[in-house]
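No gaps in the numbering here: position 186 of the sequence shown is 194 in our numbering, and each next residue is one more.
Quick reminder that beta carbons are idealized off the backbone N, C-alpha and C, glycines included.
Below is one structure; the comments refer to it alone.
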Amino acid sequence: MRVRFAPSPTGYLHVGSARTALFNWLAARHAGGEFILRSDDTDQARGSDEYYRDVLDGLRWLGLDWDEGVEEGGPHGSYRQSERLERYQEVAEQLRDRTAAYLCFCSPEELDDRRRQAQAEGRPPGYDGRCRTLAGAESQARRAAGEAAVLRLAVPRPGETVFDDVVRGEVRFGHDHVEDFVLLRSDGTPTYHLASTVDDVDYGITHVVRGEDLLSSTPKHILITLAMGAEPPIYAHLSLLMGPDGKKLSKRHGDTALNAYREGGFLPEAFVNYVALLGWNFGDDETVFTRAEMVERFDLSDIQKNPAVFDNEKLIWMNGVYIRDLGADEFIARTLPLVEADLGRPLDEDERATYRAIAPLVQERMKLLTEAPAQVRFLFVEELEYDPASWHKVIVKPDSRAALEAAKARLGDLGEWTTDAIEQALRAMLEELELNARKGLQPVRVAVTGSSVSPPLFESLEALGPERTLVRLQEVLDGYDGQ
Ligand code: GLU
Numbered sequence: 009m010r011v012r013f014a015p016s017p018t019g020y021l022h023v024g025s026a027r028t029a030l031f032n033w034l035a036a037r038h039a040g041g042e043f044i045l046r047s048d049d050t051d052q053a054r055g056s057d058e059y060y061r062d063v064l065d066g067l068r069w070l071g072l073d074w075d076e077g078v079e080e081g082g083p084h085g086s087y088r089q090s091e092r093l094e095r096y097q098e099v100a101e102q103l104r105d106r107t108a109a110y111l112c113f114c115s116p117e118e119l120d121d122r123r124r125q126a127q128a129e130g131r132p133p134g135y136d137g138r139c140r141t142l143a144g145a146e147s148q149a150r151r152a153a154g155e156a157a158v159l160r161l162a163v164p165r166p167g168e169t170v171f172d173d174v175v176r177g178e179v180r181f182g183h184d185h186v187e188d189f190v191l192l193r194s195d196g197t198p199t200y201h202l203a204s205t206v207d208d209v210d211y212g213i214t215h216v217v218r219g220e221d222l223l224s225s226t227p228k229h230i231l232i233t234l235a236m237g238a239e240p241p242i243y244a245h246l247s248l249l250m251g252p253d254g255k256k257l258s259k260r261h262g263d264t265a266l267n268a269y270r271e272g273g274f275l276p277e278a279f280v281n282y283v284a285l286l287g288w289n290f291g292d293d294e295t296v297f298t299r300a301e302m303v304e305r306f307d308l309s310d311i312q313k314n315p316a317v318f319d320n321e322k323l324i325w326m327n328g329v330y331i332r333d334l335g336a337d338e339f340i341a342r343t344l345p346l347v348e349a350d351l352g353r354p355l356d357e358d359e360r361a362t363y364r365a366i367a368p369l370v371q372e373r374m375k376l377l378t379e380a381p382a383q384v385r386f387l388f389v390e391e392l393e394y395d396p397a398s399w400h401k402v403i404v405k406p407d408s409r410a411a412l413e414a415a416k417a418r419l420g421d422l423g424e425w426t427t428d429a430i431e432q433a434l435r436a437m438l439e440e441l442e443l444n445a446r447k448g449l450q451p452v453r454v455a456v457t458g459s460s461v462s463p464p465l466f467e468s469l470e471a472l473g474p475e476r477t478l479v480r481l482q483e484v485l486d487g488y489d490g491q
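Below, the structure is given as structure tokens:
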């Protein structure tokens with residue numbers, strides 16, 4: 009099995025394309041075949057190096073390694089279409105020699121007029137084949153005289169292209185609906201249909217796994233393949249992704265660029281797990297399984313035809329599952345850079361030990377890696393910034409001042425600064441003041457961590473240490489007098 013992923017670098021890698029790449033990769037790894045990465049970069053105007061890099065970074069982040077292709081090389085020379093233009097022109101000439109293709113001199117304006125007329129008369133709007141009957145000598149002479157021409161495939165008529173799609177079953181296209189489409193533009197550049205098909209033939213691709221949006225291009229690709237005297241590959245067209253509302257996945261449903269997930273605190277393992285389940289009839293969309301299991305069980309024939317729903321909330325949930333499953337060191341390795349970036353400086357030895365101690369408590373409560381900095385910032389800053397909502401909801405409540413005063417008194421007298429001792433002292437404070445935990449402890453949490461959302465309170469105070477805890481309580485108490 010030889011499969012390929014063939015992105016056009018005209019945009020950031022889309023989550024739907026990432027799924028296409030993943031399914032190709034899984035198919036190749038399952039079969040012990042090859043996964044090939046080519047760049048469909050013939051559109052110089054819309055393509056950019058930034059998008060090209062983004063696609064590669066995205067695939068690498070997901071761990072989808074390729075056996076041949078751009079930056080990796082392989083037996084087929086270049087895997088960038090922009091570097092293969094001569095090859096496409098060579099094939100085009102061969103097809104013309106075999107009269108499988110012909111030169112067309114109709115100008116864009118003429119074509120527009122005739123298309124409009126056909127529509128008005130209720131005929132199919134595609135190219136009407138006018139130049140198909142030009143004698144070879146005549147079209148040669150006109151081209152030699154410098155007249156602009158495109159090259160079109162002579163689609164067999166009458167005729168029909170039928171193929172067995174792995175996902176969709178038998179698919180038929182009557183040639184009435186397939187015009188004599190363009191292979192080479194008048195400037196000699198290939199169309200997507202020609203370039204893609206020549207590559208698939210040259211690279212020995214056995215299975216083309218791609219999005220359903222390309223289904224209507226497939227008869228064209230089969231016709232070019234046959235005209236080249238080659239055997240068409242097997243096709244599998246994946247249904248598109250939808251949002252939870254049943255509409256085509258778009259910005260409205262959340263981020264559609266993979267890089268937003270990379271930067272948004274997702275683990276690539278979680279992303280791969282979730283996306284693998286979209287349309288693969290393996291389990292429901294909460295099934296957690298390893299990459300090795302995925303590879304072992306993956307089969308193109310299990311892919312479902314129904315559109316799959318990409319649900320951000322489920323993905324976030326699954327990310328939380330994967331975060332909790334990380335080993336302690338791994339969790340620290342993945343979040344420490346985020347914590348340091350947030351602070352704008354590296355942590356010193358002691359601070360790292362503090363982070364190490366509190367990290368497991370943070371890990372239990374997180375769904376996104378990017379939540380880590382806000383949870384632990386209070387431990388590493390001199391000046392605490394108070395979350396205004398927490399301040400208003402908690403600090404300005406009637407019982408809060410008394411709770412903070414009593415907490416400060418009891419914690420100030422504490423012999424040993426341990427989680428247990430802190431807990432005992434604060435529970436005794438609650439009893440003394442006859443306050444429930446919410447009324448009595450939330451003010452302490454907000455005063456010391458700046459927010460009503462933090463790691464567990466007693467552990468947080470232990471990690472912060474007695475001096476800074478007492479100073480912060482005092483600062484908030486001082487604030488009451490100023491009000
Ligand atoms: N380059 C095409 C695209 O990004 C896909 C080509 C293909 O898979 O045949 O839409």
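Below 6 Å CB to CB, which residues in the same chain sit around residue i once its five sequence neighbours on both sides are set aside?
{"i": "residue 456", "result": "477, 480"}
{"i": "residue 251", "result": "257, 261"}
{"i": "residue 280", "result": "70"}
{"i": "residue 513", "result": "In the structure as shown, the chain starts at 9 and stops at 491, and residue 513 therefore has no counterpart that could be examined."}
{"i": "residue 175", "result": "244, 245, 311, 313"}
{"i": "residue 324", "result": "375"}
{"i": "residue 181", "result": "169, 227"}
The ligand GLU and residue i: does any heavy atom of the ligand fall closer than 8 Å to the residue's C-beta?
{"i": "residue 15", "result": "yes"}
{"i": "residue 204", "result": "yes"}
{"i": "residue 501", "result": "Because the chain spans 9 through 491 in this model, residue 501 falls outside it and cannot be assessed."}
{"i": "residue 224", "result": "no"}
{"i": "residue 218", "result": "yes"}
{"i": "residue 25", "result": "yes"}
{"i": "residue 210", "result": "no"}
{"i": "residue 48", "result": "yes"}
{"i": "residue 200", "result": "yes"}
{"i": "residue 221", "result": "yes"}
CB residue i to CB residue j, shorter than 9 Å?
{"i": "residue 119", "j": "residue 161", "result": "no"}
{"i": "residue 64", "j": "residue 79", "result": "yes"}
{"i": "residue 332", "j": "residue 372", "result": "yes"}
{"i": "residue 327", "j": "residue 278", "result": "yes"}
{"i": "residue 451", "j": "residue 417", "result": "no"}
{"i": "residue 216", "j": "residue 198", "result": "no"}
{"i": "residue 88", "j": "residue 46", "result": "yes"}
{"i": "residue 151", "j": "residue 157", "result": "yes"}
{"i": "residue 187", "j": "residue 116", "result": "no"}
{"i": "residue 62", "j": "residue 17", "result": "yes"}
{"i": "residue 211", "j": "residue 37", "result": "no"}
{"i": "residue 288", "j": "residue 306", "result": "yes"}
{"i": "residue 222", "j": "residue 21", "result": "no"}
{"i": "residue 159", "j": "residue 238", "result": "no"}
{"i": "residue 367", "j": "residue 339", "result": "yes"}
{"i": "residue 67", "j": "residue 284", "result": "no"}
{"i": "residue 467", "j": "residue 355", "result": "no"}
{"i": "residue 430", "j": "residue 422", "result": "yes"}
Assign residue i to one of three DSSP states: helix, strand, or coil.
{"i": "residue 282", "result": "helix"}
{"i": "residue 256", "result": "strand"}
{"i": "residue 353", "result": "coil"}
{"i": "residue 74", "result": "coil"}
{"i": "residue 33", "result": "helix"}
{"i": "residue 12", "result": "strand"}
{"i": "residue 99", "result": "helix"}
{"i": "residue 186", "result": "coil"}
{"i": "residue 218", "result": "strand"}
{"i": "residue 319", "result": "coil"}
{"i": "residue 69", "result": "helix"}
{"i": "residue 397", "result": "helix"}
{"i": "residue 169", "result": "strand"}
{"i": "residue 114", "result": "coil"}
I'd like the list of long-range same chain contacts for residue i, defined as Cβ closer than 7 Å, with 5 residues on each side in sequence excluded.
{"i": "residue 365", "result": "471"}
{"i": "residue 228", "result": "186, 189, 201"}
{"i": "residue 398", "result": "454, 459, 460"}
{"i": "residue 346", "result": "377, 378, 380, 381"}
{"i": "residue 383", "result": "370, 462, 463"}
Excluding the five sequence neighbours on either side, which residues of its own chain have a C-beta within less than 8 Å of the C-beta of residue i, listed in chain order?
{"i": "residue 286", "result": "27, 249, 293, 316, 317, 318"}
{"i": "residue 444", "result": "438"}
{"i": "residue 485", "result": "409, 412, 413, 416"}
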